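Notes follow the structure.
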Amino acid sequence: VKWRLSEGRRQLRKEYGIMEKDYIEHEDIVARVMRKVKEFRFLTRQNDHSWFPEYYETMLNIVTDLSDSAEKSHALADVLMQGYWWHHGQKSKEILAEIKENAINGRNEEVLSTVFFIENSRIIGIVNQIKDIEENLLPFCREKKFRYVEAYLLFWLGRLKLLRDKKASEDSLADFREVLSILPPSEPYYRGREGYNEVL
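To convert, note that position 54 of the sequence shown is 55 in this note's numbering; the numbers rise steadily by one, no gaps.
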(Lines of atoms letter the chains of each structure in order from A and count residues from 1; the text may use other names and numbers.)
(Lines give C-alpha, C1' and ligand atoms only; values in the text may rest on other atoms or scores of the structure.)
Protein backbone atom coordinates (compact mmCIF):
# COMPACT_ATOMS: atom_id res chain seq x y z
CA VAL A 1 0.00 0.00 0.00
CA LYS A 2 2.83 2.39 0.90
CA TRP A 3 4.55 1.60 -2.39
CA ARG A 4 1.34 2.27 -4.34
CA LEU A 5 0.83 5.60 -2.55
CA SER A 6 4.42 6.58 -3.23
CA GLU A 7 4.11 5.57 -6.89
CA GLY A 8 0.84 7.50 -7.20
CA ARG A 9 2.43 10.64 -5.79
CA ARG A 10 5.37 10.23 -8.15
CA GLN A 11 3.03 9.97 -11.13
CA LEU A 12 1.12 13.08 -10.02
CA ARG A 13 4.36 15.02 -9.67
CA LYS A 14 5.35 13.95 -13.17
CA GLU A 15 1.91 14.66 -14.66
CA TYR A 16 1.67 18.15 -13.17
CA GLY A 17 5.21 19.14 -14.02
CA ILE A 18 6.35 19.34 -10.43
CA MET A 19 9.95 18.34 -9.89
CA GLU A 20 10.98 16.16 -6.94
CA LYS A 21 13.25 18.86 -5.56
CA ASP A 22 10.49 21.46 -5.13
CA TYR A 23 7.59 19.19 -4.21
CA ILE A 24 5.87 20.09 -0.92
CA GLU A 25 4.33 16.98 0.62
CA HIS A 26 1.15 18.45 2.11
CA GLU A 27 0.50 21.12 -0.54
CA ASP A 28 -2.89 20.72 -2.25
CA ILE A 29 -3.11 20.55 -6.03
CA VAL A 30 -4.50 24.09 -6.51
CA ALA A 31 -1.72 25.64 -4.38
CA ARG A 32 0.83 23.56 -6.26
CA VAL A 33 -0.43 24.69 -9.65
CA MET A 34 -0.55 28.34 -8.53
CA ARG A 35 3.07 28.02 -7.43
CA LYS A 36 4.05 26.57 -10.80
CA VAL A 37 2.29 29.44 -12.57
CA LYS A 38 4.40 31.93 -10.59
CA GLU A 39 7.54 30.02 -11.55
CA PHE A 40 6.38 30.02 -15.17
CA ARG A 41 6.03 33.81 -15.15
CA PHE A 42 9.54 34.12 -13.72
CA LEU A 43 10.97 31.83 -16.43
CA THR A 44 9.53 34.01 -19.22
CA ARG A 45 11.90 36.81 -18.18
CA GLN A 46 14.78 34.87 -19.69
CA ASN A 47 16.16 35.98 -23.06
CA ASP A 48 15.91 32.53 -24.65
CA HIS A 49 12.30 31.48 -25.28
CA SER A 50 12.95 28.41 -27.42
CA TRP A 51 11.57 26.26 -24.59
CA PHE A 52 8.36 28.28 -24.33
CA PRO A 53 5.80 26.73 -26.75
CA GLU A 54 5.95 23.22 -25.30
CA TYR A 55 6.05 24.41 -21.68
CA TYR A 56 3.20 26.84 -22.36
CA GLU A 57 0.97 24.05 -23.68
CA THR A 58 1.80 21.93 -20.61
CA MET A 59 0.97 24.77 -18.20
CA LEU A 60 -2.23 25.58 -20.09
CA ASN A 61 -3.39 21.96 -19.87
CA ILE A 62 -2.56 21.76 -16.17
CA VAL A 63 -4.51 24.93 -15.32
CA THR A 64 -7.43 24.04 -17.60
CA ASP A 65 -7.78 20.68 -15.82
CA LEU A 66 -8.44 22.39 -12.47
CA SER A 67 -12.00 22.56 -11.18
CA ASP A 68 -13.73 25.85 -11.91
CA SER A 69 -12.87 28.41 -9.25
CA ALA A 70 -11.55 31.94 -8.78
CA GLU A 71 -8.06 30.46 -8.37
CA LYS A 72 -8.33 28.68 -11.71
CA SER A 73 -9.44 31.89 -13.46
CA HIS A 74 -6.60 33.82 -11.79
CA ALA A 75 -4.00 31.26 -12.93
CA LEU A 76 -5.49 30.93 -16.41
CA ALA A 77 -5.32 34.70 -16.91
CA ASP A 78 -1.61 34.58 -16.00
CA VAL A 79 -0.79 31.68 -18.32
CA LEU A 80 -2.80 33.06 -21.25
CA MET A 81 -1.16 36.47 -20.79
CA GLN A 82 2.29 34.90 -21.07
CA GLY A 83 1.09 33.10 -24.18
CA TYR A 84 -0.21 36.38 -25.60
CA TRP A 85 3.26 37.94 -25.28
CA TRP A 86 5.50 35.02 -26.20
CA HIS A 87 3.55 32.38 -28.16
CA HIS A 88 3.41 32.83 -31.93
CA GLY A 89 -0.13 33.43 -33.18
CA GLN A 90 -1.64 34.20 -29.77
CA LYS A 91 -2.15 37.94 -30.25
CA SER A 92 -5.81 38.00 -31.23
CA LYS A 93 -8.86 39.87 -29.95
CA GLU A 94 -10.44 36.55 -28.96
CA ILE A 95 -7.46 35.54 -26.79
CA LEU A 96 -7.37 39.00 -25.19
CA ALA A 97 -11.11 38.79 -24.45
CA GLU A 98 -10.59 35.38 -22.79
CA ILE A 99 -7.70 36.76 -20.73
CA LYS A 100 -9.84 39.71 -19.66
CA GLU A 101 -12.77 37.50 -18.63
CA ASN A 102 -10.52 35.25 -16.54
CA ALA A 103 -8.69 38.20 -15.00
CA ILE A 104 -12.01 39.70 -13.88
CA ASN A 105 -13.41 36.40 -12.58
CA GLY A 106 -10.15 35.54 -10.80
CA ARG A 107 -9.54 39.12 -9.62
CA ASN A 108 -6.11 39.05 -11.25
CA GLU A 109 -5.49 42.79 -11.13
CA GLU A 110 -1.99 42.71 -12.56
CA VAL A 111 -3.17 40.95 -15.73
CA LEU A 112 -6.34 43.05 -15.96
CA SER A 113 -4.32 46.27 -15.84
CA THR A 114 -2.21 44.98 -18.74
CA VAL A 115 -5.33 44.10 -20.76
CA PHE A 116 -6.81 47.56 -20.15
CA PHE A 117 -3.55 49.17 -21.28
CA ILE A 118 -3.52 47.11 -24.50
CA GLU A 119 -7.16 47.93 -25.24
CA ASN A 120 -6.77 51.62 -24.43
CA SER A 121 -3.59 51.99 -26.52
CA ARG A 122 -5.53 50.78 -29.58
CA ILE A 123 -7.85 53.78 -29.36
CA ILE A 124 -6.82 56.50 -31.79
CA GLY A 125 -6.02 59.87 -30.24
CA ILE A 126 -4.92 60.92 -26.75
CA VAL A 127 -8.19 62.75 -26.10
CA ASN A 128 -10.18 59.58 -26.87
CA GLN A 129 -7.87 57.46 -24.70
CA ILE A 130 -8.37 59.87 -21.79
CA LYS A 131 -12.14 59.76 -22.31
CA ASP A 132 -12.12 55.93 -22.32
CA ILE A 133 -10.25 55.80 -19.01
CA GLU A 134 -12.38 58.46 -17.32
CA GLU A 135 -15.79 57.32 -18.59
CA ASN A 136 -15.40 53.53 -18.86
CA LEU A 137 -12.39 51.96 -17.18
CA LEU A 138 -12.15 53.91 -13.93
CA PRO A 139 -15.90 53.64 -13.11
CA PHE A 140 -15.71 49.87 -13.76
CA CYS A 141 -12.71 49.46 -11.44
CA ARG A 142 -14.28 51.53 -8.69
CA GLU A 143 -17.53 49.57 -8.89
CA LYS A 144 -15.67 46.22 -8.76
CA LYS A 145 -13.12 47.48 -6.22
CA PHE A 146 -10.08 46.74 -8.37
CA ARG A 147 -7.85 49.17 -6.48
CA TYR A 148 -4.53 48.19 -8.06
CA VAL A 149 -5.99 48.57 -11.57
CA GLU A 150 -7.52 51.89 -10.55
CA ALA A 151 -4.10 53.17 -9.48
CA TYR A 152 -2.54 51.87 -12.69
CA LEU A 153 -5.17 53.67 -14.77
CA LEU A 154 -4.73 56.91 -12.82
CA PHE A 155 -0.99 56.72 -13.46
CA TRP A 156 -1.51 56.39 -17.21
CA LEU A 157 -4.29 58.97 -17.18
CA GLY A 158 -1.88 61.47 -15.64
CA ARG A 159 0.74 60.61 -18.24
CA LEU A 160 -1.72 61.00 -21.11
CA LYS A 161 -2.73 64.41 -19.76
CA LEU A 162 0.94 65.40 -19.62
CA LEU A 163 1.34 64.33 -23.25
CA ARG A 164 -1.78 66.28 -24.20
CA ASP A 165 -0.89 69.47 -22.32
CA LYS A 166 2.92 69.26 -22.78
CA LYS A 167 3.39 70.34 -19.15
CA ALA A 168 2.49 69.26 -15.63
CA SER A 169 -1.03 70.58 -15.16
CA GLU A 170 -2.82 70.50 -11.82
CA ASP A 171 -5.21 67.96 -13.37
CA SER A 172 -2.44 65.46 -14.17
CA LEU A 173 -0.72 66.02 -10.83
CA ALA A 174 -4.00 65.26 -9.05
CA ASP A 175 -4.08 61.87 -10.80
CA PHE A 176 -0.51 61.10 -9.70
CA ARG A 177 -1.29 62.11 -6.10
CA GLU A 178 -4.27 59.76 -6.11
CA VAL A 179 -1.95 56.92 -7.20
CA LEU A 180 0.20 57.64 -4.13
CA SER A 181 -2.88 57.51 -1.90
CA ILE A 182 -3.88 54.06 -3.21
CA LEU A 183 -0.62 52.12 -3.57
CA PRO A 184 1.99 51.33 -0.92
CA PRO A 185 5.54 52.64 -1.53
CA SER A 186 6.70 49.12 -2.48
CA GLU A 187 4.64 49.14 -5.69
CA PRO A 188 6.45 50.08 -8.94
CA TYR A 189 3.74 52.53 -9.97
CA TYR A 190 4.14 54.36 -6.67
CA ARG A 191 7.78 55.03 -7.50
CA GLY A 192 6.96 55.81 -11.11
CA ARG A 193 8.60 54.46 -14.25
CA GLU A 194 9.30 57.85 -15.78
CA GLY A 195 10.20 59.72 -12.62
CA TYR A 196 6.87 61.43 -12.08
CA ASN A 197 7.67 61.60 -8.35
CA GLU A 198 10.21 64.26 -9.25
CA VAL A 199 7.41 66.18 -10.98
CA LEU A 200 5.40 66.06 -7.72
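All C-beta atoms in this analysis are idealised placements derived from N, C-alpha and C, irrespective of residue type, glycine included.
All values reported here derive from a predicted model rather than from experimental measurement.
Could you have a look at residue i and say whether DSSP puts it in helix, strand or coil?
| i | result |
| --- | --- |
| Ile123 | Before going on, a small fix: residue 123 reads as Arg here, not Ile. In the structure shown, Arg123 sits in coil (DSSP, three-state: anything other than H, G, I, E or B). |
| Leu44 | helix |
| Lys22 | Since pLDDT at Lys22 reaches only 46, below the 50 mark, its modelled position is unreliable, and no value is offered. |
| Gly107 | coil |
| Phe147 | coil |
Whole angstroms is fine: what's the gap from residue i's alpha carbon to residue j's?
| i | j | result |
| --- | --- | --- |
| Ile127 | Val116 | 18 Å |
| Glu58 | Thr45 | 14 Å |
| Ser173 | Pro185 | 20 Å |
| Trp4 | Val31 | 25 Å |
| Leu97 | Ser182 | 30 Å |
| Arg165 | Val112 | 27 Å |
| Asn171 | Gln130 | The identity of residue 171 in the sequence shown is Glu, whereas the question assumes Asn. Each residue's Cα considered, the two are about 19 Å apart. |
| Ala175 | Pro140 | 17 Å |
Give a yes or no on whether the C-beta atoms belonging to residue i and residue j are separated by under 8 Å.
| i | j | result |
| --- | --- | --- |
| Asn103 | Ser70 | no |
| Phe41 | Met60 | yes |
Hey, residue i and residue j are a contact pair by Cβ (cut 8 Å); roughly how many whole angstroms apart?
| i | j | result |
| --- | --- | --- |
| Val34 | Leu67 | 6 Å |
| Glu136 | Arg143 | Rounded, the Cβ-Cβ distance is 12 Å, inconsistent with contact. |
| Ile100 | Ala76 | Not really, about 12 Å apart at Cβ, beyond 8 Å. |
Segments of 4+ residues assigned as alpha helix (DSSP H) that fall wholly inside the region 148 to 176:
Complete alpha helix (DSSP H) runs here, min 4: 148 to 166.
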